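Protein chains in written order, with my numbering: chain A, 3 to 201; chain B, 3 to 201; chain C, 3 to 201. Input: a single structure, listed below in structure tokens.
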Amino acid sequence: MMIIYSLDLIGTVAFAISGALSAADKKFDWFGATFAAFVTAVGGGSVRDIFIGNVPVSWLGDMNYLIAILIGVLITLLFKPIVMKWKKTLFLFDTIGIGVFTIIGLQKALSFGIHPAMAAIMGMFSAVLGGIIRDTLCNDIPLIFKKEIYAIACLIGAGFYLILNYWLVSDAITIPVSMLMIILIRLTSVNFNLSLPRL
Amino acid sequence: MMIIYSLDLIGTVAFAISGALSAADKKFDWFGATFAAFVTAVGGGSVRDIFIGNVPVSWLGDMNYLIAILIGVLITLLFKPIVMKWKKTLFLFDTIGIGVFTIIGLQKALSFGIHPAMAAIMGMFSAVLGGIIRDTLCNDIPLIFKKEIYAIACLIGAGFYLILNYWLVSDAITIPVSMLMIILIRLTSVNFNLSLPRL
Amino acid sequence: MMIIYSLDLIGTVAFAISGALSAADKKFDWFGATFAAFVTAVGGGSVRDIFIGNVPVSWLGDMNYLIAILIGVLITLLFKPIVMKWKKTLFLFDTIGIGVFTIIGLQKALSFGIHPAMAAIMGMFSAVLGGIIRDTLCNDIPLIFKKEIYAIACLIGAGFYLILNYWLVSDAITIPVSMLMIILIRLTSVNFNLSLPRL
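Written out as structure tokens, the structure is:
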């Protein structure tokens, strides 16, 4: 589980950087940028925790998430031009982040006795709601509503986890395989510029 | 109570359709449309549940709400031109929805020991917050802040429920009468184009 | 504690007036204005309560907050031209409000066993999130993200409270001193037009 925890924190740093970069675009000051980094990184998990009744919300009980966010803001502040050039690396970390956040969120919802189908939605919410709240605060319509395979990748990975879990496959296989599935669907869809049809 | 539960699900379908239609206006993709349908339908009830401490929030424990939302999205997707023509029918279902949502929300808040005046506000929140969150996500100023008798109808109906309840009138009369009152005030105000004065 | 409670209610009136004034700018009707006043006044405390698990949220259990908000809306409605001229007085009450909200929020979080560093963030959230939600609903980018020393003043005052508390200084000194610190930092920064650097 140490690996998953580390990936969770790396995902948090990546989400915080993406929040701080949006804030820089909008000419926010340091507080605004840190706040944007914060909601991007912990917004999804907070809503999940509140919906399932896991309060105090989890980041309130683990200082490492706050530190990961501040590291993300600092990286953006100190190395902004480099971070912009590292877009591919950042995208990779962000993608690892959504894989990890989805499966951790799904497991947490299941542990609170939530129905598997709803737990899959809670997993997806953990991964995508932070970005949606960030875009709403920045007065943008969330990109995720219009473009790209993102939430669907999370739902497919979560569904895959539930199927393997139902077949009693060990977590040691189920967790990495379903995370990888999310990451691969996301990478493939961005690479081939796939998106969902409009309504 | 079977009738109320059915009306609750019909209201959920109507709210989901109104969310999906807003999303179609904004050129959202399928995920965005389903998300908009979802927040419109369960956003108000979720906030009420979270405020009064009813967690996990109620839709997490009843798959029928999720199914009702997906039916609403499917109807919008398959029959969009017809749905647009059915505006009056949709408006009627939506209006039934706010009547039902208000009284169910009010009752739930009372059952959690909330003061009647606050419970009336919680009932109104159940009916109107989903639409407010939808408009905020779609980057619109919620119409409800500027036009039409909507939230006030909910508050009047909730107040009427509380008065009948105080006089120990049976729920079999109190519930339908107060729901009808909300529906009639709303229909009348739209018919005669009434609205609140500006501040 | 009677003084703090009174200041809390005065701060609530001031926050409600600031919400209603934003609403008047946007040509909201009475309901929209009251809703804006409401989220500005109790939005921050509600999020704090939900995050730390203090549900039902505190304003649901004390009618005086609702009354304070309605008084704020009435004052704005009846005396709008005068209120605009009283901007300095209103700003002073608003500033007292953030000082009081921060320290009350911090204490409440500590009483729920939240780590002091996180409790300081919860105190700051209590003071600033209401305004952020108001601006988001009004379709503005929150001013606080771009200008002025505001959240930082709350964090410094909260930190000062924690230090005095750690040294076992009596609450009778700790509370007023840390509130005054927030108020003075805010007044000074507005007076000298200080702001944080952009990212």
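Note that CB positions come from ideal geometry on N, CA and C, so glycine has one too. The structure presented is a predicted model; accordingly, all values stated were derived computationally and were not measured.
- Query: Thinking just about the alpha-carbon of each residue, which of S60/A, S20/A, I123/A is nearest to the one in V85/A?
  - Reply: Taking the first residue of the first sequence as position 1, residue 85/A is located at position 83. Nearest C-alpha to V85/A among S60/A, S20/A, I123/A: S20/A.
- Message: So that I know if they touch, is there some Cβ in chain A lying closer than 9 Å to that of S113/C?
- Response: Residue numbering aside, residue 113/C sits at position 111 when the third sequence is read from its first letter. Not one chain A Cβ lies under 9 Å of S113/C.
- Could you check if L80/A is buried or exposed, using at least 16 other CB atoms within 10 Å of its CB as the buried criterion? Taking the first sequence and counting its residues from 1, one reaches residue 80/A at position 78. Exposed, by the Cβ-count rule.
- Message: Tell me the rounded alpha-carbon separation between S128/C and G45/C.
- Response: Taking the first residue of the third sequence as position 1, residue 128/C is located at position 126. Taking the first residue of the third sequence as position 1, residue 45/C is located at position 43. When only Cα atoms are considered, S128/C and G45/C end up about 8 Å apart.
- Task: State yes or no: is the C-beta of S107/C within less than 9 Å of the C-beta of M120/C?
- Result: The residue labelled residue 107/C in the question sits at position 105 within the third sequence. The residue labelled residue 120/C in the question sits at position 118 within the third sequence. It is Gly, not Ser, that sits at residue 107/C in the sequence shown. No. Outside cutoff.
- Contact set between the stretch 123 to 134 of chain A and chain C, restricted to residues whose Cβ is under 7 Å from the partner: Cβ contacts with chain C: none found.
- Task: Could you pull the start and end residues of the alpha helix (DSSP H) that L198/C belongs to?
- Result: The sequence position of residue 198/C within the third sequence is 196, counting from 1. Note, L198/C: premise wrong, no alpha helix (DSSP H); not H, not E.
- Message: Just to make sure I have the definition right: I need the residues of chain B whose C-beta is within less than 7 Å of the C-beta of A153/A. Which are they?
- Response: Sequence index remark: in the first sequence, residue 153/A carries index 151 (1-based). Within 7 Å Cβ-Cβ: F33.
- Message: Tell me whether the stretch 135 to 147 of chain B and the stretch 186 to 194 of chain B touch, counting them as touching only if at least three CB pairs, one residue from each stretch, are closer than 8 Å.
- Response: Judged by Cβ distances under 8 Å, the stretch 135 to 147 of chain B makes no contact with the stretch 186 to 194 of chain B, as fewer than three pairs qualify.
- Task: Identify every residue that forms a DSSP beta bridge with D31/A.
- Result: Here residue 31/A is taken as the residue at index 29 of the first sequence, counted from 1. Beta-bridge partners assigned by DSSP to D31/A: R200/C.
- Message: Please state whether the Cβ-Cβ distance between A122/A and A155/A is less than 9 Å.
- Response: Here residue 122/A refers to the residue found at position 120 when the first sequence is read from its first residue. Here residue 155/A refers to the residue found at position 153 when the first sequence is read from its first residue. Not a contact, by the Cβ cut-off of 9 Å.
- Item | Sequence-distant residues of the same chain with beta carbon closer than 8 Å to L182/A, five excluded per side | For the purposes of this step, residue 182/A is identified with residue 180 of the first sequence, where counting begins at 1. Listed in chain order, the non-local C-beta contacts of L182/A below 8 Å within the same chain comprise G101, local neighbours out to five positions each way being set aside.
- Task: Can you say whether I77/B is buried or exposed, counting buried as having 16 or more other CB atoms within 10 angstroms of its CB?
- Result: By 1-based counting over the second sequence, the position of residue 77/B is 75. I77/B is buried by the Cβ-count criterion.
- At 7 Å on the CB atoms, spell out the chain A contacts of S197/C, in chain order. On the third sequence, residue 197/C is found 195 positions in, with the first residue counted as 1. Listed along the chain, the chain A residues whose CB falls inside 7 Å of the CB of S197/C are D31.
- Message: Give me the residue from V179/B, L186/B, D10/B with the minimum Cα distance to I71/B.
- Response: Numbered from 1 along the second sequence, position 69 holds the residue referred to as residue 71/B. Closest by C-alpha distance to I71/B, out of V179/B, L186/B, D10/B, is D10/B.
- Three-state secondary structure (DSSP) at K110/B? By 1-based counting over the second sequence, the position of residue 110/B is 108. Reduced to three states, the DSSP call for K110/B is helix.
- Item | Cβ-based contacts, 7 Å cut-off: residues of the stretch 34 to 62 of chain B near chain C | Answer set for the stretch 34 to 62 of chain B: I52, F53, I54, G55.
- Query: If you draw a straight line from the C-alpha of L157/C to the C-alpha of H117/A, how long is it?
  - Reply: Taking the first residue of the third sequence as 1, we reach residue 157/C at position 155. Taking the first residue of the first sequence as 1, we reach residue 117/A at position 115. Straight across, the Cα-Cα distance linking L157/C with H117/A is about 40 Å.
- Item | Neighbourhood of V1/B by C-beta, 8 Å cutoff - its chain only, sequence neighbours within 5 removed | Residue 1/B is absent from the structure shown; chain B starts at 3 and stops at 201.
- Item | Cβ of N141/A within 9 Å of any chain C Cβ | Counting from 1 along the first sequence, the entry for residue 141/A is found at position 139. Taking Cβ atoms only, chain C reaches closer than 9 Å to N141/A, which makes this a yes.
- Task: Return the residue from the list F53/B, L23/B, S172/B, Y168/B that minimises the CA-CA distance to K110/B.
- Result: Taking the first residue of the second sequence as position 1, residue 110/B is located at position 108. From the listed residues F53/B, L23/B, S172/B, Y168/B, the smallest Cα separation to K110/B is found for F53/B.
- Message: Do R200/B and F30/C count as a contact pair if the criterion is CB distance below 9 Å?
- Response: For the purposes of this step, residue 30/C is taken as residue 28 along the third sequence, with counting starting at 1. For the purposes of this step, residue 200/B is taken as residue 198 along the second sequence, with counting starting at 1. Going by C-beta atoms, F30/C is nearer than 9 Å to R200/B.
- Message: Taking the beta carbon of T36/C as the centre, do at least 16 other beta carbons fall within 10 Å, making it buried, or is it exposed?
- Response: Start at 1 with the first residue of the third sequence, and residue 36/C comes out as number 34. When all chains shown are included, T36/C counts as buried.
- If I185/B and F95/B are in contact, beta carbons under 8 Å, what's the gap, nearest whole angstrom? Here the question's residue 185/B lines up with position 183 in the second sequence. Here the question's residue 95/B lines up with position 93 in the second sequence. For a cut-off of 8 Å, the C-beta gap from I185/B to F95/B is around 11 Å, too long to register as a contact.
- Three-state secondary structure (DSSP) of N141/C: As a working mapping, residue 141/C is identified with position 139 in the third sequence. Correct three-state label for N141/C: coil.
- Exposed or buried, M202/A, counting other C-beta atoms within 10 Å across all chains shown (16 or more means buried)? Outside the shown range of chain A, which is 3 to 201, sits residue 202/A, and nothing can be said about it.
- When DSSP labels each residue in this structure, what does G21/B get in the three-state scheme? Numbered from its first residue, the second sequence carries residue 21/B at position 19. Correct three-state label for G21/B: helix.
- Which residues bound the alpha helix (DSSP H) around M183/B? Position 181 of the second sequence holds residue 183/B. If you look at M183/B, you'll find it in the alpha helix (DSSP H) that goes 173 to 193.
- Item | Cβ neighbours of Y163/C in the same chain (closer than 7 Å, five flanking residues each side left out) | Indexing the third sequence from 1 puts residue 163/C at position 161. Within the same chain, I105, L108, T176, S180 come within 7 Å of Y163/C by CB-CB distance, once the 5 residues on both sides are set aside.
- Query: Would DSSP call L170/B helix, strand or coil?
  - Reply: Here residue 170/B refers to the residue found at position 168 when the second sequence is read from its first residue. For L170/B, the secondary structure class from DSSP, reduced to helix, strand or coil, is coil.
- Go through its chain and collect everything with a Cβ distance to Y152/B's Cβ below 6 Å, but skip five positions before and after it. Walking along the second sequence from the start, residue 152/B turns up at place 150. Correct list, in chain order: I146.
- Per-residue DSSP class, three states only, for F81/A: Locating residue 81/A in the first sequence gives position 79, counting from the first residue. DSSP places F81/A in coil when its eight states are reduced to three.
- Item | A43/C versus L112/C, K28/C, L170/C, G99/C, residue with shortest Cα-Cα distance | Translated into positions along the third sequence, residue 43/C becomes position 41. Per the Cα distances, G99/C.
- Per-residue DSSP class, three states only, for M3/C: Here residue 3/C is taken as the residue at index 1 of the third sequence, counted from 1. Three-state result, M3/C: coil.
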